[in-house]
Each structure stands twice: as C-alpha cells, then as structure tokens.
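Protein chains in written order, with the numbering used here: chain A, 1 to 147; chain B, 148 to 294.
Number of protein chains: 2
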Amino acid sequence: MRAWSRLLRAYAATTRLLSTELQAEHGLTVNDYEALYVLGRAEGRRMKRVELSRRLLLTPSGVTRLLEGLEDAGLVERVACPTDLRVSYAQLTDAGAAKLEAASCGHVASVRALFAEHFSEAEMEHLAELLGRLPGVSEGDDACGAA
Amino acid sequence: MRAWSRLLRAYAATTRLLSTELQAEHGLTVNDYEALYVLGRAEGRRMKRVELSRRLLLTPSGVTRLLEGLEDAGLVERVACPTDLRVSYAQLTDAGAAKLEAASCGHVASVRALFAEHFSEAEMEHLAELLGRLPGVSEGDDACGAA
DNA sequence: GACATTCCATTGACTCCGCAAGTATTGTCA
DNA sequence: TGACAATACTTGCGGAGTCAATGGAATGTC
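As structure tokens, this is what we get:
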C-alpha cells in the first residue's frame, strides 16, 4: 500500500534532512530535541522517565541512554523523588533551557520551511490530523516545536 | 509543529508494530521486505545497488549491509555486470521470490488492517498524496506491497 | 597514453535503540 | 509480618544504519 511505504520514506527523508541540520548546528539529535522540548513544557521542567518514554515513543532503556547523553552535556539533571525511591526525575537545567531556546529558533524555522514548501496551512493541519489517528501517535499531545 | 512531530511518532509506532510482526513470522525487517519487493518488480528481478539505495532511501553502505543479510539467507544473489566491472547487481533468487510471496500475504493484510482501522480509502489516498510531496518520497514510485 | 576526476561498492568505527535480564523499591494480601 | 507481584529504572548484548575512508574501475582531458 502506497500510504505505508510513503510513510516509511517520508520519515527517512525528512528525518535525515532535519537531523543533519540539528546535529550540525547544535549537536542534538531529533530525539534529543524532542526530549528537551517536552521537558521544557512539563510541570516544573521535570518529568518521570517512564512518562518521557511514553511521550517520545521510546522504550525505557532508550530513555536512559538518551538522558545519559543529555546529562553528560549538562542539559538535564537527575533528581530523586522523595516519596518513591524507584523513580528519578529528569529535570531540565538552566543550560538545557538555554540550549532549547537556542535550538528552537532555527529548528522550528527549518521544519516550517520544509513543510511550507510543499503544503498549505490547511494541508498541514489535515496531515497532522490523519497521522494523529494512528495508534499511540497523539498520546500526550501538544507535541513538538513552538507554533 | 504538530505535523512534524506526529510524523516522527507515526513512524515509530507503526514501524514497531509491523516490524515485530514481520520479524516474528518471516524473520524479515521492514527494509528487508521492501528490498525483496522492489527487486521482485524490477527488470529481470535484479537491480544495481545504487539504484536500490535510491529506492529505499538508504545509503550505499546501508544497502551493502542489508543485502549481506539477504545473501546469507540465500534470498538474493550477487551478480557481476559484464559491461561495467564496478557495479554488481542484486538478483532475487527463487528462494527469495518464494519468501516474498509467502511474506506478502500476511504483511499486506496487516498493513491494510492497521490503516483501514483508522482511515477510509479516500483518506489513505489523500495521506499518500500528501506524504508523496515531501522531497524524495515519490522518486521511483509504484512503491510498496501489492494492492 | 598518462593524469585527475568521478562513480560503485565495501569496510571499520560509531550511534541509536530495542530486547531480555537484573536490581531495587513499592504495593498487596495472607 | 513475610511472600509475591508489580513498577521504575539500568545494563549487556546485538541489530541496523550512518559517516568517513578506501580501493578498484570508468571517464574525460590534455
């Protein structure tokens, strides 16, 4: 089916493009960015790791590894939960917030540029709506980059 | 932008689902399947590796590795080109064609099921059309699984 | 006919991420 | 209370794919 194969290709193509750019300009992967973004909008700029894994559609181990990198870069801190010793929050640091701010600007512009080149506002809306119907896609929504 | 973040999530979600199934039933990844499929419809069931990398949106090295697996499994053969010693064709074997046949049935059904559950025919068409506008998505088209 | 250039393909080192297994903590129910 | 399940997270291993570097072959230029 065309829709399916195109979804594969669309992902591959756009990801490659945007990821390369984000990497070159800020040293972040797409998922790094999404993680910072999600944390930035979260209550107290922190979030349980499990929560994060649901938002990003990653497995818990994926989240651990993702945060490893962000922690090493000082963008995210590990904060223990006082009431439940099992959980540890991922908390955006000031550096992380600054990084997010810095990256947002260019990244959002790139995304907009890429999509606006091929779609009208209404079509983007429609595309988002359609994709949102697939299972699990619009879980904890409000999602991606500012605007 | 919602459309972008949902594209990411849609890919992650659907891929995970369908890939797991394909893996369990036939030991193929999604890209393995796409490769077999593309080869199956190619002139003489063979294709230059560069060509394949364009169709699958993989880098040449990605193709080399992908075919490595398929060759080990006896689904694809390496055939030299007489007129240009640089190129080597990937040629679908009879076993490969059989495997494709076997996998197609279930896989196509799964894909259809997944999409049909959430979209009407017209919506799928529309979705495919929208995704196809993104750069590089509808290159060498006719694309995916029988239908 | 020698040279640089370009193209096809492969390899090694790396990243990202999923799976399965393991640990630590919490909750439940006898 | 103590046993057992469930939850949150981490870790070892492996697969898949990228990039950069390489080698071999074809092409264009003088």
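Ideal Cβ placement from N, Cα and C applies to all residues, glycine included.
Residue 244 of chain B sits away from residue 127 of chain A, with the two beta carbons spaced by 8 angstroms or more.
Residue 241 of chain B and residue 222 of chain B have their C-alpha atoms some 7 angstroms from each other. Taking a Cβ-Cβ threshold of 7 angstroms, the residues of chain B close to residue 11 of chain A are 154 and 158, in chain order.
Non-local beta-carbon contacts of residue 53 of chain A in its own chain, meaning distances under 6 angstroms to residues more than five positions away in sequence, involve 60 and 63 in chain order.
Residue-level contact by beta carbon fails for residue 182 of chain B and chain A, as no gap is shorter than 8 angstroms. For the region 110-121 of chain A, the beta-carbon criterion of a distance under 9 angstroms to any beta-carbon of chain B is satisfied by 111, 112, 114, 115, 117, 118 and 119.
Nearest in C-alpha terms to residue 260 of chain B, of all of B/190, B/231, B/168 and B/279, is B/168. Residue pairing by DSSP places residue 225 of chain B opposite B/237 in a beta bridge. Within 7 angstroms of the CB of residue 188 of chain B, no CB atom of chain A is found; the nearest one sits about 12 angstroms away.
Under the Cβ criterion of 8 angstroms, residue 65 of chain A is not counted among the residues facing chain B.
Neighbours of residue 281 of chain B in chain A, taken as residues at a C-beta separation under 7 angstroms, are given in chain order as 10, 13, 14 and 118. For the options A/16, A/46 and A/5, the alpha carbon positioned closest to that of residue 79 of chain A is the one of A/46. For residue 199 of chain B, there are no neighbours in chain A by C-beta distance under 7 angstroms, as the nearest C-beta there is about 14 angstroms away. Under the criterion of beta carbons closer than 8 angstroms, residue 174 of chain B and residue 239 of chain B do not qualify as touching, at roughly 17 angstroms. Interface with chain B (8 angstroms Cβ-Cβ cutoff): residue 2 of chain A is included. Under the three-state reduction of DSSP output, residue 148 of chain B falls in the coil class, being neither helix nor strand. Pairing residue 265 of chain B with residue 8 of chain A gives a Cβ-Cβ distance that is not under 8 angstroms. Taking the C-beta atoms as reference points, residue 189 of chain B is found no nearer than 8 angstroms to residue 213 of chain B. In the three-state reduction of the DSSP assignment, residue 9 of chain A falls in the helix class.
Closest in alpha carbon position to residue 137 of chain A, among A/73, A/56 and A/85, is A/56.
For a Cβ distance threshold of 9 angstroms, residue set 148, 149, 150, 151, 152, 153 and 154 of chain B lies close to residue 128 of chain A, ordered along the chain. Residue 280 of chain B carries a coil assignment under DSSP once its states are collapsed to helix, strand and coil.
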